[in-house]
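Just so it is clear: in the sequence shown, position 36 is 36 by the working numbering, and no numbers are missing. Just so it is clear, CB atoms sit at the ideal spot from N, CA and C, and this is done for glycine as well.
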Amino acid sequence: MTTAQPLDVQPTPLALLLLGREADPRSERGVECPGDLPSPSDPDLVARARAAKERLGDRVFVLGHHYQRDEVIQFADVTGDSFKLARDAAARPEAEYIVFCGVHFMAESADILTTDAQAVVLPDLAAGCSMADMATAEQVAECWDVLTEAGVAGQVVPVSYMNSSADIKAFTGKHGGTICTSSNAKRALEWAFEQGEKILFLPDQHLGRNTAVRDMGMSLDDCVLYNPHKPNGGLTAEQLRNAKMILWRGHCSVHGRFSVESVEDVRARMPGVNVLVHPECKHEVVAAADYVGSTEYIIKALEAAPRGSKWAIGTELNLVRRLANRFASEDKEIVFLDKTVCFCSTMNRIDLPHLVWTLESLADGKLVNRIEVDPETEKYAKLALERMLALP
Numbered sequence: 001m002t003t004a005q006p007l008d009v010q011p012t013p014l015a016l017l018l019l020g021r022e023a024d025p026r027s028e029r030g031v032e033c034p035g036d037l038p039s040p041s042d043p044d045l046v047a048r049a050r051a052a053k054e055r056l057g058d059r060v061f062v063l064g065h066h067y068q069r070d071e072v073i074q075f076a077d078v079t080g081d082s083f084k085l086a087r088d089a090a091a092r093p094e095a096e097y098i099v100f101c102g103v104h105f106m107a108e109s110a111d112i113l114t115t116d117a118q119a120v121v122l123p124d125l126a127a128g129c130s131m132a133d134m135a136t137a138e139q140v141a142e143c144w145d146v147l148t149e150a151g152v153a154g155q156v157v158p159v160s161y162m163n164s165s166a167d168i169k170a171f172t173g174k175h176g177g178t179i180c181t182s183s184n185a186k187r188a189l190e191w192a193f194e195q196g197e198k199i200l201f202l203p204d205q206h207l208g209r210n211t212a213v214r215d216m217g218m219s220l221d222d223c224v225l226y227n228p229h230k231p232n233g234g235l236t237a238e239q240l241r242n243a244k245m246i247l248w249r250g251h252c253s254v255h256g257r258f259s260v261e262s263v264e265d266v267r268a269r270m271p272g273v274n275v276l277v278h279p280e281c282k283h284e285v286v287a288a289a290d291y292v293g294s295t296e297y298i299i300k301a302l303e304a305a306p307r308g309s310k311w312a313i314g315t316e317l318n319l320v321r322r323l324a325n326r327f328a329s330e331d332k333e334i335v336f337l338d339k340t341v342c343f344c345s346t347m348n349r350i351d352l353p354h355l356v357w358t359l360e361s362l363a364d365g366k367l368v369n370r371i372e373v374d375p376e377t378e379k380y381a382k383l384a385l386e387r388m389l390a391l392p
């Protein structure tokens with residue numbers, strides 16, 4: 001198969017439509033590198049979505065994650081990151097249906113935090129998260145057995161990233177741990193070290209490593225990587241005893257793509273550019289960037305940026321493109337950090353056809369694609385979430 005040569009374009013907001021025409025051998029599950037932005041859905045679907053939403057009125061509350069397509073996000077009542085959206089859902093107890101335009105673990109969190117009278121709906125049940133899938137309940141239980149055999153389990157406090165399944169959140173709650181977001185990871189780690197001597201950080205190794213080393217002054221030697229596909233995680237009992245941070249071998253398929261070469265390339269092409277990346281990126285990329293922060297941090301940084309400034313953003317492309325369009329009138333030049341256009345393929349499963357089908361089904365009195373967490377799992381997952389909410 002032949003591939004088209006990359007186009008020689010200037011890195012302007014419009015260039016986002018032209019970058020990344022070639023195929024990419026680095027692609028993995030959870031990432032889609034089509035070389036083009038997704039094509040818009042049938043225009044008739046816009047009118048159908050609007051009509052169905054109007055029929056439902058206050059009975060429905062639509063949540064839209066920042067990484068969703070524009071054609072979907074236009075129907076969201078609120079937008080935000082996963083935890084903000086779950087809390088927004090909990091603040092709307094009068095809404096009979098919570099339609100979560102995101103991925104599965106986000107809908108689970110919304111179900112945990114909302115009332116039993118509310119139904120949380122995911123427009124496409126195949127919209128999962130490759131990172132969350134990298135840590136299963138069975139694997140984490142086996143890891144705890146390894147820690148027990150090494151004689152360190154009593155010193156370990158689990159901290160799980162919001163981007164994890166309800167099962168992993170429940171494990172965290174049962175074992176005295178807390179949940180964190182990319183915004184409050186430092187506070188969560190500080191709290192955990194007050195409870196114990198070591199942290200098991202699940203499932204994103206990069207957020208755990210970056211928070212420990214960049215934000216808390218630890219060394220890379222304080223961190224070890226637990227690989228669930230190797231006997232004993234690929235670690236010796238001595239390594240576990242010496243470690244402060246036991247990092248799970250998981251990562252975001254989108255953020256893990258960014259490289260130091262991407263940073264060097266954009267600096268060469270755009271003198272004076274500010275490189276802003278998400279803390280789910282690799283440690284060496286975070287070290288090479290000018291600014292590091294959560295999705296909400298990225299948005300606020302660009303809102304506060306001076307006119308005429310240049311930015312290369314290392315996060316999901318739908319958001320980068322939306323921000324580039326939003327701030328083009330202020331002469332802020334915003335480009336995607338990588339030359340290859342890549343989307344979160346699971347996020348992009350929530351398209352307008354799925355949303356229309358969902359809204360029309362609900363309007364016709366048919367409950368579809370409900371996400372329900374069983375009571376036992378919900379009990380302990382909610383405990384872990386409440387510990388996070390109680391953080392100072």
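Below 8 Å, can you find three or more Cβ-Cβ pairs linking the region 133-142 to the region 165-180? yes
Quick one: using the 10 Å Cβ neighbour count with 16 as the cut-off for buried, is Gly57 buried or exposed? exposed
Pair within 8 Å by beta-carbon distance, Asp81 and Thr295: yes
Could you please give me the residues that DSSP links to Lys198 through a beta bridge? Val156
Suppose the cutoff is 7 Å on Cβ atoms and the five residues either side in sequence are ignored; what does the same chain contact list for Thr377 look like? Ala166, Asp167 and Ala170
Starting from Ile298, follow the alpha helix (DSSP H) in both directions and report where the run begins and ends. Thr295 to Ala304
Out of Asp204, Ala243 and Thr236, which has the shortest C-alpha to C-alpha gap to Ser219? Ala243
Hey, Ala132 and Val120 are a contact pair by Cβ (cut 8 Å); roughly how many whole angstroms apart? Going by Cβ atoms, the distance from Ala132 to Val120 rounds to 16 Å, so no, they are not a contact pair.
Output needed for Leu391: all residues of its chain with C-beta closer than 8 Å, excluding positions within five of it in sequence on either side, in chain order. Thr178, Asn184, Arg187, Ala188 and Trp191
Would Arg209 be called buried (16 or more neighbouring beta carbons within 10 Å of its own) or exposed? buried
Between the C-alpha atoms of Asp77 and His175, what's the straight-line distance to the nearest angstrom? 36 Å
His65 - containing beta strand (DSSP E), residue span: Val60 to His65
Reference Phe61; option with closest CA among Leu45, Glu71 and Asp88: Asp88
Let me check understanding here. Comparing Cα to Cα, which of Pro279, Ile371 and Tyr226 lies closest to Ala135? Tyr226
Buried or exposed: which applies to Leu247, given that a residue is buried once 16 or more other Cβ atoms fall within 10 Å of its Cβ? buried
According to the neighbour-count rule (16 or more other Cβ atoms, all chains shown, within 10 Å of its Cβ), is Leu202 buried or exposed? buried
Going by DSSP, what residue range makes up the beta strand (DSSP E) through Leu247? Met245 to Trp248
Does the region 319-329 touch the region 249-261, meaning 3 or more C-beta pairs lie closer than 8 Å? no
Which residues share a DSSP beta bridge with Trp311? Asn274 and Ile334
Using the beta-carbon count (16 or more within 10 Å), is Arg26 buried or exposed? A caution first: Arg26 carries a pLDDT of 45, below 50, which makes its placement in the model unreliable, though a value can still be read off. That one is exposed.
Report back the beta-carbon spacing between Cys101 and Ile350 to the nearest angstrom; my notes put them in contact at under 8 Å. 5 Å
Do Leu45 and His65 have their beta-carbon atoms positioned less than 8 Å apart in this structure? no
Mind the definition here: the region 275-291 touches the region 232-239 only if three or more C-beta pairs lie below 8 Å; say whether that holds. no
Closest to Ser164 by CA distance: which of Asp145, Glu333, Ala110 and Asp124 is it? Ala110
Start and end of the beta strand (DSSP E) containing Val373? Careful: Val373 lies outside any beta strand (DSSP E) and carries neither H nor E.
Under a three-way DSSP split, which group does Ser27 fall into? Here Ser27 scores only 42 on pLDDT, less than 50, and its place in the model should not be relied on; the value that follows carries that caveat. Note: Ser27 maps to coil in three-state DSSP.
Is the distance from the Cβ of Thr172 to the Cβ of Ala328 below 8 Å? no
To the nearest angstrom, report how far apart Ala15 and Val373 are at their CA atoms. Residue confidence is low: Ala15 scores 35 on pLDDT, short of 50, so the model does not pin down where it sits. Its coordinate-derived value is still stated next. In a straight line, the C-alpha of Ala15 is about 43 Å away from that of Val373.
How close, in whole Å, do the beta carbons of Ile199 and Val156 come, if the pair is a contact with beta carbons under 8 Å? 7 Å
Apart from the five residues on each side of it in sequence, which residues of its chain come closer than 8 Å, Cβ to Cβ, to Ala289? Val263, Val275, Leu276, Val277, Cys281 and Gly314
Alpha carbon of Gln239 to alpha carbon of Val224, nearest angstrom: 7 Å
When you compare each of Lys339, Glu360, Leu389 and Glu149 to Phe418 by their alpha carbons, which one comes out closest? The structure shown does not extend to residue 418, since the chain is modelled only from 1 through 392, so no value can be given for it.
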